[in-house]
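Numbering (my numbering), first residue to last: 954 to 1536.
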């Protein structure tokens, strides 16, 4: 890991470049990088998701970070494939047509049509349409750009998008002073295609940086690599030739960035990352180095409580801010008491069949939201912790975006049946009530197995403290009550790693039942239960301390500003374009 303030001293691994390029070629590539002028650079932000093709948090970053970069004085264009078959994609002829360009790929030229779209933040998107590519069917709901019938199609389309980027930029008149900012493995091969474009005279000056939003990588065997280059022999790739990241990370022009300092450290130190997800990348990460730059907020930083309430809470006067929080709670209980949808699993009441609106004030309400991703989010961990509560001791709202059934949704269904009145599961995107749930809950719960950035700030902006596992970005977002009540925003948990801890056993389990016999899993669930109990006690017995949590939330969220995130990436761009010679 490398810190932001150390970027000026960073140097690439020379053998990655000297193995890939002949001396004369390397001179051209290096001149192209060194010629990028910081005072007139243009950021080409390359991402596989876009306003019409969303699958997770990457699109949110791709909307808010370019906006922040523009506010910081950068010129930015966002490039993305046009995934024409998705249910969320409009007809291409409804967009502004910019022109077309031929892209060499796999021994033939492929025509790419370009369309322009401005999103609600006034970010300029250039969408790349090519017949025979970017034709994912979108999976069960038709909206997932990564969901192809055959897995090899995603690799093909990703490599083609990377091949197209330099030709598209040239077609747009953007040939000089470029920083190509690639996102994830899908766009990582621009590290090679942009340099080849400089060698071919298509681009005059350009550098490439790469951000990894998650630990995912993809195999890249030579036959597939041959679609974009003839530099194929294993001797060309000294850091490995099995995957996209092994090949491409070492030939980017700055350290690999990821979306929080905590996750940057975990990529080489946390057993789940270092020994499981990214075991094959440890040499790459340690040689090339990783820097963590926090994401910007994904919402407007509007205080959830009045300034009078916050000021009073900080000096021990809690009445105002607590009444504001209780008003949000009453609104939530009213909405849930009227919520009718046959898809809801279980339901909440105030005990003995009493209406939910009569729920005693001392009973806390816990909320967990997010994707039902058993390899990351930990809904089943939350379920195990819930099982430890007495009936009526607390209420639990779970809003997993399920995308289908399976054993992990069945687990939540069984929990809701066993704990009638205490557990309500909304396994769909709530058409109403979601914001009220976020604002009215006593705590939001985030027991993630790993979390590159996390969503604690989303809960804070709604006015809700967080109980979270201490991992990745959540380590920086949640100020732990145990470490200092005066500045706390919630509770952090971290299990003590047992001997023989089996992350693969947890990640590869066929369902929750296969996890419950794994000591590490049991310890995570027990640690979560302990912190939930502590959080519940604080709500019941120490409202002054709880009110102080509320008073700290907005300032903590606001510290993850667009300005701070943009400044971090500007430092990364400066490092990539450092005019000092490297070879």
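In this text, a Cβ means the ideal position worked out from N, Cα and C, and glycines have one as well.
To the nearest angstrom, report how far apart residue i and residue j are at their CA atoms.
i            : j            : result
residue 1194 : residue 1036 : 29 Å
residue 1323 : residue 979  : 46 Å
residue 1040 : residue 961  : 45 Å
residue 1427 : residue 974  : 41 Å
residue 1106 : residue 1246 : 31 Å
residue 1435 : residue 986  : 48 Å
residue 1476 : residue 1462 : 17 Å
residue 1003 : residue 1033 : 6 Å
residue 1266 : residue 1525 : 39 Å
residue 1416 : residue 1188 : 55 Å
residue 1058 : residue 1113 : 7 Å
residue 1149 : residue 1296 : 52 Å
residue 1062 : residue 1056 : 5 Å
residue 1338 : residue 1244 : 34 Å
residue 1096 : residue 1007 : 7 Å
residue 1161 : residue 1174 : 22 Å
residue 1431 : residue 1445 : 7 Å
residue 1424 : residue 1231 : 16 Å
residue 1408 : residue 1401 : 11 Å
residue 1234 : residue 1222 : 12 Å
residue 1138 : residue 1439 : 41 Å
residue 954  : residue 1421 : 24 Å
residue 1269 : residue 1398 : 26 Å
residue 1020 : residue 1470 : 47 Å
residue 1154 : residue 1468 : 55 Å
residue 1459 : residue 1474 : 7 Å
residue 1098 : residue 1089 : 6 Å
residue 1182 : residue 1164 : 23 Å
residue 1510 : residue 1023 : 21 Å
So who's on the other strand from residue i, going by DSSP bridges?
i            : result
residue 1033 : 1080
residue 1196 : 1172
residue 1370 : DSSP lists no partner for residue 1370.
residue 1433 : 1443
residue 1422 : 1446
residue 1321 : 1351
residue 1097 : According to DSSP, residue 1097 bridges with nothing at all.
residue 1530 : Bridge partners of residue 1530: none, in fact.
residue 999  : 1032, 1135
residue 1049 : 1069
residue 1057 : 1062
residue 1210 : 1164, 1244
residue 1378 : 1298, 1351
residue 1006 : 1003
residue 1121 : Paired residue(s): none; residue 1121 is not in a bridge.
residue 1489 : DSSP output for residue 1489 lists no bridge partner at all.
Is it buried or exposed, residue i, if we count other Cβ atoms within 10 angstroms and call 16 or more buried?
i            : result
residue 1386 : buried
residue 1442 : buried
residue 1190 : buried
residue 1134 : buried
residue 1049 : exposed
residue 1228 : exposed
residue 1001 : buried
residue 1504 : buried
residue 1186 : exposed
residue 1167 : buried
residue 1450 : exposed
residue 1213 : buried
residue 1272 : exposed
residue 1598 : What is shown of the chain runs 954 to 1536, which leaves residue 1598 out entirely.
residue 1478 : buried
residue 1448 : buried
residue 1307 : exposed
residue 1465 : buried
residue 998  : buried
residue 1329 : buried
residue 1239 : exposed
residue 1136 : buried
residue 1242 : buried
residue 1070 : buried
residue 1404 : buried
If I'm right that residue i touches residue j with Cβ under 8 Å, what's the distance once you round it to whole angstroms?
i            : j            : result
residue 1031 : residue 1248 : That pair is no contact at about 16 Å.
residue 1535 : residue 965  : 6 Å
residue 1277 : residue 1251 : The Cβ separation is near 23 Å, so there is no contact.
Verify the CB distance criterion: does residue i have a CB-CB separation below 7 Å to chain B?
i            : result
residue 1332 : Although the question refers to chain B, the structure presented lacks it and comprises just one protein chain.
* Asked: Do the segment 1049 to 1069 and the segment 1106 to 1125 meet, that is, are 3 or more Cβ pairs less than 8 Å apart?
  -> yes
* Please confirm if the segment 1381 to 1397 is in contact with the segment 1356 to 1373, defined as three or more CB-CB distances below 8 Å between the two stretches. => no
* Inter-stretch contact at 8 Å, needing at least 3 Cβ pairs: the segment 1362 to 1375 / the segment 1497 to 1515 -> no
* To do: Would you check if there are 3 or more beta carbon pairs closer than 8 Å linking the segment 1072 to 1090 to the segment 1015 to 1022?
  => yes
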